[in-house]
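Residue numbers (our numbering), protein chains in the order written: chain A, 2 to 110; chain B, 281 to 400. I have placed the structure first, in the form of structure tokens, so that the comments after it can refer back to it.
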Amino acid sequence: DIQMTQSPSTLSASVGDRVTITCRASQSISTWLAWYQQKPGKAPELLIYKASSLESGVPSRFSGSGSGTEFTLTISSLQPDDFATYYCQQYNSYSPSLTFGGGTKVEIK
Amino acid sequence: QLQLQESGPGLVKPSETLSLTCTVSGGSISSSPYYWVWIRQPPGKGLEWIGSIYYLGSTYYNLSLRSRITISIDTSKNQFSLKLTSVTAADTAVYYCDRFTVLQGVITKWGQGTLVTVSS
Chain A
2 DIQMTQSPST LSASVGDRVT ITCRASQSIS TWLAWYQQKP GKAPELLIYK ASSLESGVPS
62 RFSGSGSGTE FTLTISSLQP DDFATYYCQQ YNSYSPSLTF GGGTKVEIK
Chain B
281 QLQLQESGPG LVKPSETLSL TCTVSGGSIS SSPYYWVWIR QPPGKGLEWI GSIYYLGSTY
341 YNLSLRSRIT ISIDTSKNQF SLKLTSVTAA DTAVYYCDRF TVLQGVITKW GQGTLVTVSS
């Protein structure tokens, strides 16, 4: 199974900050990497797919990059609505199976 | 507008079988290229993929749960189901049924989730 390691697990930041979250895969996954945002009591919402493609309707301050085993989610200027938990997810097309990272909680500093 | 709705008991006793059904409305469960997926989230913890099913019936399970899981699909009712046997307190979680879009490699539609508690 492919393992996904997400860091940091918690991040304290202020409105307007640039925030970066990292996700590492235990083996190459090409660009089969997605990012989701989850708020308390709600289902996750898709932000980024195929490592760097912005889902329709998602603000442009969110961006993704990477390929192979290392990926990043960047929020260029943190907004009050962005305080949430973020998860990466890989898709193994050969299985097919999904694996999530452990999550990053973005808190108010 | 596609919607997915989980249904089933909210309380299951230890060692018994957890059974959930997901009803898909606003679209056909037989459409491709989609898989239908179960994901769970223990309280205060992260997301765990349980397994996936294609409308033709092929299934893919999380290796760590494989011995206890059965996912099935009923295209005539536009439903798919999860059975998890021999449950313990560790199976207490919010269970989500979802639609997975193969071309993007992502879950493009989530159910609202249902909390299942394992307790005597």
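In this text, a Cβ means the ideal position worked out from N, Cα and C, and glycines have one as well.
Bounding residues of the beta strand (DSSP E) (the contiguous stretch that carries residue i)
{"i": "A:R25", "result": "V20 to A26"}
{"i": "A:W36", "result": "L34 to Q39"}
{"i": "B:D354", "result": "I349 to D354"}
{"i": "A:T6", "result": "M5 to S8"}
{"i": "A:F63", "result": "F63 to S68"}
{"i": "A:N93", "result": "T86 to N93"}
Minimum C-alpha distance to residue i - residue among the options
{"i": "A:R25", "options": "A:P97, A:S61 and A:G103", "result": "A:G103"}
{"i": "A:R19", "options": "A:V59, A:S68, A:S64 and A:Q4", "result": "A:S64"}
{"i": "A:S54", "options": "A:D82, A:K110 and A:G67", "result": "A:G67"}
{"i": "B:Q392", "options": "B:Y314, B:W318 and B:I309", "result": "B:W318"}
{"i": "B:Q281", "options": "B:I333, B:G307, B:T301 and B:G288", "result": "B:G307"}
Sequence-distant residues of its chain with Cβ nearer than 6 Å to residue i (five each side left out)
{"i": "A:T75", "result": "T21 and S64"}
{"i": "A:T6", "result": "R25"}
{"i": "A:K40", "result": "A85"}
Residue i, buried or exposed, once every other Cβ within 10 Å from all chains shown has been counted against 16
{"i": "A:T86", "result": "buried"}
{"i": "B:E286", "result": "buried"}
{"i": "B:K389", "result": "buried"}
{"i": "B:Q359", "result": "buried"}
{"i": "A:Q90", "result": "buried"}
{"i": "B:L383", "result": "exposed"}
Straight-line gap, residue i to residue j (C-alpha atoms, nearest Å)
{"i": "B:S299", "j": "B:T394", "result": "12 Å"}
{"i": "B:L291", "j": "A:S77", "result": "43 Å"}
{"i": "B:P322", "j": "B:A369", "result": "10 Å"}
{"i": "B:V398", "j": "B:P294", "result": "6 Å"}
{"i": "B:K325", "j": "A:S8", "result": "15 Å"}
{"i": "B:K363", "j": "B:T350", "result": "5 Å"}
{"i": "A:D83", "j": "A:A14", "result": "10 Å"}
{"i": "A:Y37", "j": "B:V386", "result": "10 Å"}
Cβ-based neighbour list, residue i, same chain, cut-off 8 Å, excluding 5 preceding and 5 following
{"i": "B:K357", "result": "T303"}
{"i": "B:S311", "result": "Y335"}
Proximal residues to residue i (C-beta, below 7 Å), its chain only, five neighbours per side dropped
{"i": "A:V16", "result": "L79, Q80 and P81"}
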